[in-house]
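Numbering (our numbering), first residue to last: 121 to 280.
In this text, a Cβ means the ideal position worked out from N, Cα and C, and glycines have one as well.
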Ligand code: THU
């Protein structure tokens with residue numbers, strides 16, 4: 121008999137009045153840095169703020185290129201910088217905020233597939249989930265407890 125493997129995923133929706141102080145800081149830092157994104161081709165500005173275990177916060181935005189695939193997402197930019205400079209500090213939370221150029225309202229955003237796999241890499245490296253905070257256009261945080269909620273059948277192991 122064939123078997124079926126099912127995984128259940130969920131996101132928590134957190135209204136602004138219930139945001140923690142830390143969530144507030146991360147979302148506002150991501151919102152601020154997206155304004156400096158280099159996104160002349162898509163006009164889609166993304167900011168990411170990463171909290172490390174020592175309390176330090178790093179920010180980055182998307183950097184596009186006239187040769188489109190060369191562009192880098194905000195999430196991978198911030199993870200590469202922070203992990204390159206602080207390889208021993210565990211990443212705790214990653215906030216992501218997006219906006220279309222010229223608009224006031226935020227855009228819906230969740231990390232792309234490449235970024236999901238990159239987030240997975242650092243979860244595996246540190247043996248701990250990274251909480252993901254995504255601002256939606258209604259000003260709520262969509263919170264994923266870890267990348268397993270966005271990438272359920274993820275690739276983690278070359279040897280199994
Ligand atoms: N982008 C990000 O930086 N992060 C995401 O989570 C989604 C997409 C960027 C890539 C590209 O520069 C632009 O947004 C449009 O896809």
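Could you tell me which of the options sits nearest to residue i, measuring between CA atoms?
| i | options | result |
| --- | --- | --- |
| residue 228 | 235, 234 and 220 | 220 |
| residue 244 | 222, 268 and 263 | 268 |
| residue 153 | 201, 207, 192 and 182 | 182 |
| residue 206 | 249, 178, 213 and 131 | 178 |
| residue 248 | 172, 126 and 139 | 172 |
| residue 231 | 134, 250, 155 and 175 | 250 |
| residue 274 | 238, 260, 208 and 170 | 238 |
| residue 266 | 145, 146, 131 and 162 | 131 |
| residue 158 | 233, 188 and 141 | 188 |
| residue 186 | 225, 180, 208 and 163 | 163 |
| residue 176 | 191, 208, 155 and 192 | 208 |
Run through the DSSP bridge pairs and tell me what residue i is partnered with.
| i | result |
| --- | --- |
| residue 147 | None, per the DSSP bridge assignment. |
| residue 183 | 158 and 192 |
| residue 170 | 178 and 214 |
| residue 246 | Note: residue 246 sits in no beta bridge, so no partner. |
Going by the CB atoms, is the gap between residue j and residue i shorter than 9 Å?
| i | j | result |
| --- | --- | --- |
| residue 242 | residue 271 | no |
| residue 194 | residue 143 | no |
| residue 160 | residue 184 | yes |
| residue 262 | residue 213 | no |
| residue 218 | residue 170 | no |
| residue 260 | residue 136 | yes |
Going by other Cβ atoms of all chains shown within 10 Å of its Cβ, with 16 needed for buried, is residue i buried or exposed?
| i | result |
| --- | --- |
| residue 276 | exposed |
| residue 167 | buried |
| residue 282 | The question about residue 282 has no answer, for the chain in this structure spans 121 to 280. |
| residue 122 | exposed |
| residue 62 | This structure gives no information on residue 62, because the portion of the chain shown stretches from 121 to 280. |
| residue 279 | exposed |
| residue 196 | buried |
| residue 147 | buried |
| residue 165 | buried |
- Task: With the ligand THU as the reference, list in chain order each residue whose Cβ lies under 7 Å from any of its heavy atoms.
- Result: That query returns the following residues: 159, 162, 164, 166, 182, 184, 191, 193, 194, 195, 216, 218, 229, 230, 231, 232 and 235.
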